[in-house]
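Colleague:
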Amino acid sequence: MAEVLIQKDKQLLDKSVLETGEMILNMGPQHPSTHGVLRLKIHTDGEVVSKIEPVLGYLHRCFEKHSENLPYEQIVPFTDRCDYLASMHMDHAFSMTVEKLLDLELPERVEYIRVLVSELQRIASHLLAVGTFGLDVGAITPFTWTLRDRERILDLFEQLCGARLLYNYIWPGGVSHDLPPNFIEHTIDFVDYFEPNIDELNDVLTTNKIFIERSADVGILPAEVGINFGVSGPSLRGSGVNWDLRKNEPYSVYEKFDFNVPLGKGEMGTAGDCWDRYYVRVQEMKESVKIIRQACEGLPDGDVHGSLPKKIRPEAGEVYGRYESARGDVGFYIISNGKNVPLRVKMRSPAFCNLSVLSEISEGWMISDVIAILGSLDIVLGEIDR
Amino acid sequence: MNSVVDSFLRSFAHLNFDAGFMISIVIITSGVIIFTIMALNAMVAVYFERKVSAFMQDRLGPMEVGILGFKGGKRFWGGIGQTLADAIKLLVKEDILPNNADKFLMILAPFIIVTGALLTFIAVPFAESLVISDFNIGIFYIVAMSSVGVIGIILAGWSSNNKWSLYGAMRAAAQIISYEIPIGLSLLLVVLVVGSLHLGDIVQWQADHRWFIFHSPFSFIAFFIYYISTLAETNRVPFDIPEAESELVAGWMTEYSGFRWSIFFLSEYANMLIVSIVASIVFLGGWLSPLQMFNILPESWLFLDGPVLGFFWIMFKAILLIFVMMWFRWTFPRLRVDQLMYLCWKVFVPFALVNLFLVSLWELIL
Chain A
1 MAEVLIQKDK QLLDKSVLET GEMILNMGPQ HPSTHGVLRL KIHTDGEVVS KIEPVLGYLH
61 RCFEKHSENL PYEQIVPFTD RCDYLASMHM DHAFSMTVEK LLDLELPERV EYIRVLVSEL
121 QRIASHLLAV GTFGLDVGAI TPFTWTLRDR ERILDLFEQL CGARLLYNYI WPGGVSHDLP
181 PNFIEHTIDF VDYFEPNIDE LNDVLTTNKI FIERSADVGI LPAEVGINFG VSGPSLRGSG
241 VNWDLRKNEP YSVYEKFDFN VPLGKGEMGT AGDCWDRYYV RVQEMKESVK IIRQACEGLP
301 DGDVHGSLPK KIRPEAGEVY GRYESARGDV GFYIISNGKN VPLRVKMRSP AFCNLSVLSE
361 ISEGWMISDV IAILGSLDIV LGEIDR
Chain B
1001 MNSVVDSFLR SFAHLNFDAG FMISIVIITS GVIIFTIMAL NAMVAVYFER KVSAFMQDRL
1061 GPMEVGILGF KGGKRFWGGI GQTLADAIKL LVKEDILPNN ADKFLMILAP FIIVTGALLT
1121 FIAVPFAESL VISDFNIGIF YIVAMSSVGV IGIILAGWSS NNKWSLYGAM RAAAQIISYE
1181 IPIGLSLLLV VLVVGSLHLG DIVQWQADHR WFIFHSPFSF IAFFIYYIST LAETNRVPFD
1241 IPEAESELVA GWMTEYSGFR WSIFFLSEYA NMLIVSIVAS IVFLGGWLSP LQMFNILPES
1301 WLFLDGPVLG FFWIMFKAIL LIFVMMWFRW TFPRLRVDQL MYLCWKVFVP FALVNLFLVS
1361 LWELIL
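Heads up: the protein sequence lines correspond to chains A and B, in order.
Number 23 in our numbering belongs to position 23 of the first sequence; there are no gaps in the numbering.
Number 1163 in our numbering belongs to position 163 of the second sequence; there are no gaps in the numbering.
(1) Considering only DSSP beta bridges, list what residue 1029(B) is partnered with.
(2) By a C-beta neighbour count over all protein chains shown, 10 Å radius and 16 as the cutoff for buried, is residue 1040(B) buried or exposed?
(3) So what does residue 25(A) bridge to, in DSSP terms?
(4) Please confirm if residue 1050(B) has its CB atom under 8 Å from at least one CB of chain A.
(5) With residue 347(A) as the anchor, note down where its alpha helix (DSSP H) starts and where it stops.
(6) Considering just the uninterrupted stretch of the beta strand (DSSP E) at residue 51(A), what are its terminal residues?
(7) Spell out the partners DSSP gives residue 329(A) in its beta bridges.
(8) So does the stretch 351-360 of chain A actually touch the stretch 273-291 of chain A, counting three or more Cβ pairs closer than 8 Å?
(9) In chain order, what residues of the stretch 1308-1340 of chain B put their CB closer than 9 Å to some CB of chain A?
(10) Return the residue from the list 309(A), 276(A), 320(A) that minimises the CA-CA distance to residue 373(A).
(11) Throw me the rounded Cβ distance for the residue 1212(B) and residue 1282(B) pair, which I believe falls under 8 Å.
(12) Which whole runs of the alpha helix (DSSP H) in the stretch 1115-1200 of chain B are 4 residues long or more, in chain order?
(13) Expressed to the nearest angstrom, what Euclidean distance is found between the alpha-carbon atoms of residue 1342(B) and residue 1133(B)?
(14) Measure the alpha-carbon distance for residue 1001(B) versus residue 1129(B) and round it to whole angstroms.
(15) Can you tell me which of 1255(B), 1017(B), 1207(B), 1319(B) puts its alpha carbon nearest to the alpha carbon of residue 1107(B)?
(16) Can you name the start and end residues of the alpha helix (DSSP H) that residue 299(A) belongs to?
(17) Can you give me the Cβ contacts of residue 1145(B) inside the same chain, cut-off strictly under 7 Å, excluding the 5 residues immediately before and after it?
(18) Please report the straight-line C-alpha distance between residue 1170(B) and residue 1004(B), rounded to a whole angstrom.
(19) Would a check of beta-carbon distances place residue 1001(B) closer than 8 Å to chain A?
(20) Below 8 Å between beta carbons is the criterion; list the residues of the stretch 198-214 of chain A that meet it against any residue of chain B, in chain order.
(21) Between residue 1113(B) and residue 1267(B), how many whole angstroms is the CB-CB distance? I'm expecting something under 8 Å.
(22) Residue 350(A) and residue 327(A) - do their beta-carbons sit closer together than 8 Å?
(23) Helix or strand or just coil, what does DSSP make of residue 370(A)?
(24) Spell out whether any CB of chain B is found under 8 Å from the CB atom of residue 268(A).
(25) Under 8 Å between C-beta atoms, does residue 1182(B) make it to chain A?
(26) What's the call for residue 1264(B), buried or exposed, on a 16-neighbour Cβ count within 10 Å?
(27) Expressed to the nearest angstrom, what Euclidean distance is found between the alpha-carbon atoms of residue 185(A) and residue 159(A)?
(28) CB-CB under 6 Å to residue 122(A), same chain, minus the five flanking residues each way: which ones, in chain order?
(29) Considering only residues of the same chain and omitting the five flanking positions on each side of residue 1371(B), which have a CB-CB separation below 8 Å?
(30) Name the residue from 1187(B), 1042(B), 1285(B) whose alpha carbon lies nearest to the alpha carbon of residue 1271(B).
(31) Strictly below 8 Å CB to CB, what residues from chain B border residue 134(A)?
(32) Of all the options 1338(B), 1314(B), 1140(B), 1237(B), which has the alpha carbon lying nearest to the alpha carbon of residue 1196(B)?
(33) Quick one: any contact between the stretch 32-44 of chain A and the stretch 54-67 of chain A, if contact means 3 or more CB pairs under 8 Å?
(34) Drop a sphere of 10 angstroms on the beta-carbon of residue 354(A), count the other beta-carbons inside from all chains shown, and report buried for 16 or more, exposed for fewer.
(35) Using only CA atoms, which one of 31(A), 35(A), 26(A) lies nearest to residue 375(A)?
(36) Note down, one range per segment and in chain order, each alpha helix (DSSP H) of at least 4 residues found wholly within the stretch 52-127 of chain A.
Here it is, written out as structure tokens:
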């Protein structure tokens, strides 16, 4: 017996078990903080991360291939399912691109409704982003508070089109329904209720010392690196780059609205850290409230179905439409060969580009920081994998 | 001071039982008593925590589960049977041991953790004479026993054969062992002034003088050092990094389920109760009534310090401290492991040492 044990010990020693090296930690696809089915292969030295390899594709649904076999109007439900936390933005982006291909002019009421619901959607999406970022660094209560407010927006959308998450509301050429009665009043009620809650959130989370310790100066994304990796949206603006398509290339009726583009200034640390990316989202919610108020005031009358085309059959050609979604710069590239189905649809996914920078900015940070950085980039796997 | 064991032995002394028999009876009875206290404490505390978190988060918490059809009230007492149902669920759940786990150590770990908590309870007084066994080194014994659990945590993390568990265990070991030093130093301050390790003596000193938290500016600081360090010792937010659910899934408990997991849960809440009771005994006057805080009331008010009310006061103070722990948990984010170590070694330990020195001077001069 003893001999066998000694033999076993020798075998263990021969396998050089005492050698030290990097440990590969497999985070996901089932993990509470990967925001969906993302898998990260993290090379770690103790707690310090030396390299991250994101593994994608667990949620791949062949959106682009499907689109080649579907009439344009039937693609809209699929775009809903791309970024399921900002479905209105995806619908809007795709519809805008198709309208560009058709050279369609829309009634002003449709554009106002679109801006209104898009900004509501932006608040809903940012609320979830901000809340889950808090959850990632361990603050649970702000998450439930933000979800409570998001619920109100989902209720509004339910009134609007009957759906709470995947709306299929914005169609190429218009919207599916006109606003229901009292929708404007309910929206005003909501923003009146919501605005003080942002300050409450700032009190409990944004200015919390531990939260600042965890997020300021962590995962700094320099502006240049962000631009090189194609990062866009609040994640890029957190680095101080003034790039918002609503201002830089105004689409829909955004040039009529008065709002600011919040930028990361490095108030608590260095510009481009997690705290800045987080705070840009908080401030953007305030700006969205401003836009919603203006849209509610200036909403013109008219028929929302007037411009809906009987049949969508664009001329042969190609078009690229871009849109500022809650996560960044969404692009749809559509090639038409004159049929009612597109020849090719390519989607530029902002969250995909934002995720690509993860490995670059989290080297040398600890595992806890990687979670914070991932949370601050606000990815949605439905959009990354498409 | 009397203790439960002493009075037990005394009241059966005339029956002339065999000594060995008596001792085993005493051990079994006290074990059962402690375990009942632990289980009750966990059930009440879990319900309390769920309700506290619910009200802080703008929701109602459990509202549906009742006991024999009695669901409790509209808001606060709603869902009163929830923790009982949870406990039953945990007891009958399938017990999973991973294939590649070190099964012996994995089974052993919960035993060690629960033993640590059980043994600590022996010296924890719930009122003047309501203590299982009255040690003259009570405070030292409690500090020593409460660190037994960390062995179980390391075993649990290592034997699970899971990298998340391993991370959790290493974090827990580093954290708990580090924070024992500020805890020890701030308790040492009290021992230095009182000149005794006996918990009864410490409370008696406070009855004669004043509550320890108001003894000097240094003991005031020591209380906060002690309290914050115990948060780390019991893995509560903002120091819950060993289990950090958003990072390490469930830390060192990842591979545990059912009864074994509920044992961890039980000892976690037991530790919360222990550190809160110790804090209220050592710094907040133990079983003395808060009305007597500065000894300015006339003698006739001393009835408030009676044995029954003593239990009430000590639990009142402990539950208040537990409530603050819960308040922290549902308000604060979590620190990072290096920030936690920074806080311990570069802030608390030097402060506690300086504190200890200054309080000696204070005692010398005043």
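Beta carbons: idealized from backbone N, C-alpha and C, even for Gly.
Modeller: Taking the definition as stated:
(1) In DSSP, residue 1029(B) forms no bridge with anything.
(2) exposed
(3) 42(A)
(4) no
(5) From DSSP, residue 347(A) is part of no alpha helix (DSSP H) but of the beta strand (DSSP E) over 344-348.
(6) 48-55
(7) DSSP, once it has assigned bridges, lists 324(A) as partnering residue 329(A).
(8) no
(9) 1329, 1330, 1331, 1332, 1333, 1334, 1335, 1336, 1337, 1338, 1339
(10) Looking at the Cα atoms, 276(A) is the closest of the given residues.
(11) With 8 Å as the limit, residue 1212(B) and residue 1282(B) qualify as a contact, their Cβ atoms being about 6 Å apart.
(12) 1138-1145, 1149-1159, 1163-1194
(13) 38 Å
(14) Low confidence applies to residue 1001(B): its pLDDT is 49, below 50, so where it sits in the model is not reliable, and the reading given next is rough at best. Taken atom to atom, the span from the alpha-carbon of residue 1001(B) to that of residue 1129(B) is near 6 Å.
(15) 1255(B)
(16) Residue 299(A) -> no alpha helix (DSSP H), and no H or E assigned at all.
(17) 1116, 1119, 1120
(18) 38 Å
(19) Bear in mind that the predicted position of residue 1001(B) carries a pLDDT of just 49, short of 50, making it unreliable; the figure below should be weighed with that in mind. Not one chain A Cβ lies under 8 Å of residue 1001(B).
(20) 204, 205, 208, 210, 211, 213, 214
(21) 5 Å
(22) yes
(23) helix
(24) no
(25) no
(26) buried
(27) 12 Å
(28) For residue 122(A), where only same-chain residues beyond five positions count, the Cβ hits under 6 Å are 288, 326.
(29) Any property of residue 1371(B) remains undetermined from this structure, which presents chain B solely from 1001 to 1366.
(30) In terms of Cα proximity to residue 1271(B), the closest of 1187(B), 1042(B), 1285(B) is 1042(B).
(31) 1333
(32) 1140(B)
(33) yes
(34) buried
(35) 35(A)
(36) Counting only runs of 4 or more, we get 63-67, 72-80, 87-102.
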